[in-house]
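Protein sequences, first through last, are from chains P and V.
Under the working numbering, think of the first position of the first sequence as 1, with each following residue one higher.
Under the working numbering, think of the first position of the second sequence as 1001, with each following residue one higher.
Beta carbons are placed, not taken as given, at the ideal position from N, Cα and C, and that holds for glycine.
2 protein chains.
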Amino acid sequence: MTGDKKILLGHGSGGKLSHELIKDIFFHHFQNPILAQFGDSAIVELPGNLQVQNSGCGILTPHSAIRNPHSGIKLAFTTDSFVVKPLFFPGGDIGRLAISGTVNDLAVMGARPLFLSTAFILEEGLEMSLLERVVSSMKETAVEAGVIISTGDTKVVEKGSADGLYINTAGIGVVEDSLCISPDRIKTGDKILLSGTLGDHGVAILAARKELPEVGAYCNTPLLSDCAPLGGMIQEALGACKDIRFMRDPTRGGLATTLNEVANGRDFGILLFEESIPVREGVSAACELLGLDPMYLANEGKVVIVCPEADAGRVLDVLRRHPLGKDSAIIGEVVKGPAGRVFMKTLVGGTRVIDMPASDPLPRIC
Amino acid sequence: MTGDKKILLGHGSGGKLSHELIKDIFFHHFQNPILAQFGDSAIVELPGNLQVQNSGCGILTPHSAIRNPHSGIKLAFTTDSFVVKPLFFPGGDIGRLAISGTVNDLAVMGARPLFLSTAFILEEGLEMSLLERVVSSMKETAVEAGVIISTGDTKVVEKGSADGLYINTAGIGVVEDSLCISPDRIKTGDKILLSGTLGDHGVAILAARKELPEVGAYCNTPLLSDCAPLGGMIQEALGACKDIRFMRDPTRGGLATTLNEVANGRDFGILLFEESIPVREGVSAACELLGLDPMYLANEGKVVIVCPEADAGRVLDVLRRHPLGKDSAIIGEVVKGPAGRVFMKTLVGGTRVIDMPASDPLPRIC
């Protein structure tokens, strides 16, 4: 079935190629109702209750499970590997990214992030002092996020078999029983909120790669990654509205990919208002210079929230009061149609379809 | 503190260099009572009970934790990255290894393995059909182990920035409340059991690397890796003896490293009987040929169990009845001294100190 196909950089980009790979290879073999949720974290229930639900809040327990008197606990469980290049960039580093990414994947499922694992693949010859800087940044970020690094692993490969270091983090959080964060709960009329400016991480990485030599001339503010753990802010948003339908952090593939994942195959459309979408001046300038679109750039400290219209103002207030959410905005709404599509009312008054990209324009962004 | 030191292959070997790296960098920064247990999995307790214990069965919950009515559940949580070379070897492949390794790390903590994550770092240009073979092997092994692959991630790096593919698996299991598997519970007089022959995995990898051209002449049986998920067998052993003191799978660094980790700094010694330690004819021949010692070779389908003398016979019977444990043996005992050391009564009647190796003789064994 896979013929003579080979892995391309685009297969790791979060766009259409990534989705094909996941569907054709991983889901094809591993298929089970938990994976089929396609969430940022899996929601698993501890043994005792063996029922399998395939709904939006699907849970699954192994058939071999023992009966457990404490059954019914919902855990969020997630993993991410980090291969960002370079290892240090304005506003962050691979260590801060590795903690934030996994914390955020737990948080957007409504979970309170608790425990993280960290696994390192190190290239022979890596400076120990560089590793120590990364590890120290991970510790700081873990403290900021209120999570405990509980277990770890280290492997070393020969010089030339990795690019400095790669980090994997997996995480566990507990989901409050009453919460159900799922795109299946989204309804026409719901509002779409974004917790701040788009594209900061993607442009910071480009700047760190020296692919933006002249951008200083276009803006006065430094281009910093937004890389940050969002668990605290998201818990506050949930405090303001228990009925939040859906959340996700728009990382690889950007906001465009996240919203297409939400809308595709569903009976509603998503309408965005370009004028409401916050983008920093420097990011706009860099995007114009390089022909990039902030809608497709990676973010590492932002969350998209879909909530009922009646609660949107309250959630927005809570986000804006948080230091990580002061540029939050209501950027769009859920509409009847065209179903399955994302589109945007542009500044000049037109309507533009926001499609899923074939692949991210920037490899190794996280 | 780290000066100009660089990462060496030996830092990933499981021996003394690995321990230094973990102590000086990872523990130094991440320090917390869970990591300090140095177990194959972390044992974490879900929120609700905020006490911190530093004993052998130490548990820790985050200070930010919410009160949870289902508190007191003990989870085992572990992670491992796999960089084995080559990707396919007699008796297994990187996929079978990645599932088995994490299942075994959960099982030796007394946990029932439940949920696994899988994260792939793929090298650009990797044949999709090769990836599919690996994924299919992971699925088969997960079914064999009774675990559910619940969440995953894929990254792609440029050609030359990885060696085919690397896999990380993290895992969650539930630990029965009454169990406490810890080297702190080991007492003088306890017996040491091994669930089968030593060194099979290490020698199979050497054979696959064509570093054993003549070994066929030395034995009639094929050299196969023992790579297998041990959750089922270990649960049966726990069924036969709830009082098992300690278990571990002797992977990188082999049995010698595992037992040194147990004995070092404690007030007992470990005495092994060479004549009782099962080693396959082909593995012996290969070791003689290459000047290797099976005590230091990696195993990927064996468990070392320390249990009270009175239960040793019953545990041995259970292990031997299991297909993965038919060569099990009682290989030694816990003695008063010399405290902190591992030594072996040799076949020729002498006594040999079994030290921790500086590093594994074979890099990228798992």
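*chain P beta carbons: is any one of them nearer than 9 Å to that of residue 1183/V?*
Translated into positions along the second sequence, residue 1183/V becomes position 183. For residue 1183/V, the answer is no, since every Cβ of chain P falls outside 9 Å of its Cβ.
_Bounding residues of the alpha helix (DSSP H) (the contiguous stretch that carries residue 1096/V)_ = As a first step, residue 1096/V is located in the second sequence; it is residue number 96 there, counting from the start. From DSSP, the alpha helix (DSSP H) with residue 1096/V extends over 1094 to 1107.
_Buried or exposed by the 16-neighbour rule on C-beta atoms within 10 Å, applied to residue 31/P_ = As a first step, residue 31/P is located in the first sequence; it is residue number 31 there, counting from the start. So residue 31/P ends up on the exposed side.
*asked:* Bridge partners for residue 276/P per DSSP, in chain order?
replied: Indexing the first sequence from 1 puts residue 276/P at position 276. Its beta-bridge partners do not exist; DSSP assigns none.
*Taking 9 Å as the CB-CB cut-off, is residue 119/P touching chain V?*
Sequence index remark: in the first sequence, residue 119/P carries index 119 (1-based). Output row for residue 119/P: interface = yes.
*Starting from the Cα of residue 1239/V, find the closest Cα among 1314/V, 1017/V, 1105/V and give me that residue.*
For the purposes of this step, residue 1239/V is taken as the residue at position 239 of the second sequence. Comparing Cα positions, the closest option is 1314/V.
*Determine the DSSP secondary structure at residue 1026/V, reduced to helix, strand or coil.*
Start at 1 with the first residue of the second sequence, and residue 1026/V comes out as number 26. Residue state, collapsed to three classes: helix.
_Quick check: is the beta carbon of residue 97/P nearer than 9 Å to any beta carbon in chain V?_
Numbered from 1 along the first sequence, position 97 holds the residue referred to as residue 97/P. Cβ-Cβ to chain V under 9 Å: no for residue 97/P.
_Short-range partners of chain P found in the stretch 1223 to 1240 of chain V, where Cβ spacing is below 7 Å_ = none
*Close Cβ partners of residue 1316/V (< 8 Å) along its chain, the five nearest in sequence each way excluded*: In the second sequence, the residue the question calls residue 1316/V occupies position 316. 1193, 1328, 1329, 1330, listed in sequence order.
*Inspect the CB distances between the stretch 241 to 257 of chain P and the stretch 295 to 306 of chain P and report whether three or more fall short of 8 Å.*
yes
*Between the beta-carbon of residue 134/P and the beta-carbon of residue 1161/V, is there less than 9 Å?*
Translated into positions along the first sequence, residue 134/P becomes position 134. Translated into positions along the second sequence, residue 1161/V becomes position 161. No, Cβ-Cβ distance for residue 134/P and residue 1161/V is not below 9 Å.
*Going straight from the alpha carbon of residue 1182/V to that of residue 1247/V, what length do you get?*
Within the second sequence, residue 1182/V is the residue found at index 182, counting from 1. Within the second sequence, residue 1247/V is the residue found at index 247, counting from 1. Near 8 Å, if we compare the C-alpha coordinates of residue 1247/V and residue 1182/V.
*Selection from 243/P, 180/P, 287/P, 265/P that minimises the alpha carbon distance to residue 223/P*: On the first sequence, position 223 is the one that residue 223/P refers to. Ranking 243/P, 180/P, 287/P, 265/P by Cα distance to residue 223/P puts 287/P first.
*Same chain, Cβ closer than 7 Å to residue 229/P, five either side skipped, listed in chain order*: Position 229 of the first sequence holds residue 229/P. So the list reads 99, 100, 103, 104, 141, 144, 145, once near-sequence residues are dropped.
*Any chain P beta carbon closer than 9 Å to residue 1201/V*: Counted from its first residue, the second sequence places residue 1201/V at position 201. Chain P contact via Cβ: absent.
*asked:* Cβ closer than 7 Å: which chain P residues qualify as neighbours of residue 1210/V?
replied: On the second sequence, residue 1210/V is found 210 positions in, with the first residue counted as 1. By Cβ distance, chain P contributes nothing, its closest Cβ being about 17 Å from residue 1210/V, past 7 Å.
*Is it the case that the CB of residue 1256/V approaches a heavy atom of the ligand SAM more closely than 8 Å?*
For the ligand SAM, the structure offers nothing, since it holds no ligand at all.
*Under the three-state DSSP convention, the category residue 269/P falls into*: The residue you call residue 269/P lines up with position 269 of the first sequence. In the structure shown, residue 269/P sits in a strand (DSSP, three-state: E or B).
*Any Cβ of chain P within less than 9 Å of the Cβ of residue 1078/V?*
Locating residue 1078/V in the second sequence gives position 78, counting from the first residue. Interface residue, yes.
*Where do the ends of the alpha helix (DSSP H) carrying residue 1257/V lie?*
Translated into positions along the second sequence, residue 1257/V becomes position 257. It spans 1254 to 1263 - the alpha helix (DSSP H) in which residue 1257/V sits, taken as one unbroken run.
*Hey, does residue 1070/V have any beta-carbon neighbour from chain P nearer than 9 Å?*
Walking along the second sequence from the start, residue 1070/V turns up at place 70. Because the pLDDT of residue 1070/V is 47, which lies under 50, any placement of that residue in the model is unreliable, and the question is left without a value.
*Which residues mark the beginning and the end of the alpha helix (DSSP H) in which residue 1133/V is found?*
To locate residue 1133/V, count along the second sequence from 1; it is residue 133. Residue 1133/V -> alpha helix (DSSP H) spans 1128 to 1145.
*For the 8 Å Cβ check, are there 3 or more pairs between the stretch 1157 to 1172 of chain V and the stretch 1105 to 1121 of chain V?*
yes
*List the residues of chain P that residue 1322/V touches, going by C-beta distances under 7 Å, in chain order.*
Counting from one through the second sequence, the residue named residue 1322/V turns up at place 322. The premise fails here: residue 1322/V is roughly 16 Å from chain P at the closest Cβ pair, so nothing lies under 7 Å.
*Does DSSP put residue 1061/V in a helix, in a strand, or in coil?*
One-based indexing of the second sequence puts residue 1061/V at position 61. With a pLDDT of 36 at residue 1061/V, under the threshold of 50, the predicted position of this residue should be treated as unreliable, though the coordinate-derived value follows. If DSSP states are grouped into helix, strand and coil, residue 1061/V belongs with coil.
*Listing by chain order, which chain V residues have their CB less than 8 Å from the CB of residue 11/P?*
Position 11 of the first sequence, counted from the start, is the residue given in the question as residue 11/P. Correct list: 1122, 1154, 1156.
*How big is the Cα-Cα spacing for residue 1027/V and residue 1020/V?*
Sequence index remark: in the second sequence, residue 1027/V carries index 27 (1-based). Sequence index remark: in the second sequence, residue 1020/V carries index 20 (1-based). Distance between the alpha carbons of residue 1027/V and residue 1020/V is about 10 Å.
*By the criterion of Cβ-Cβ separation under 7 Å, what are the contact partners of residue 1162/V in chain P?*
For the purposes of this step, residue 1162/V is taken as residue 162 along the second sequence, with counting starting at 1. Residues of chain P passing the Cβ test: 161, 162.
*Do you know how far the Cα of residue 1278/V is from the Cα of residue 1251/V?*
Mapped onto the second sequence, residue 1251/V falls at position 251. Mapped onto the second sequence, residue 1278/V falls at position 278. C-alpha separation (whole angstroms): 16 Å.
*Hey, quick one: how far does the beta strand (DSSP E) through residue 170/P stretch, first residue to last?*
In the first sequence, the residue the question calls residue 170/P occupies position 170. Taken as a continuous stretch (DSSP letters only), the beta strand (DSSP E) holding residue 170/P covers 165 to 175.
*So what does residue 1152/V bridge to, in DSSP terms?*
Within the second sequence, residue 1152/V is the residue found at index 152, counting from 1. DSSP, once it has assigned bridges, lists 1118/V as partnering residue 1152/V.
*Which of the residues in the stretch 247 to 270 of chain P, read from start to end, lie with their CB under 8 Å from any CB of chain V?*
none
*Using a C-beta to C-beta distance shorter than 9 Å, which residues of chain B count as neighbours of residue 32/P?*
Of the protein chains in the structure, P and V, none is chain B.
_Give me, in chain order, the residues of the same chain whose beta-carbon lies closer than 8 Å to that of residue 73/P; leave out the 5 immediate sequence neighbours on both sides._
In the first sequence, residue 73/P corresponds to position 73, counting from 1. Hits under 8 Å: 45, 46, 174.
*Using DSSP with H/G/I as helix, E/B as strand and the rest coil, what is residue 298/P?*
Stepping through the first sequence from its first residue, residue 298/P is reached at position 298. Coil at residue 298/P, not helix or strand.
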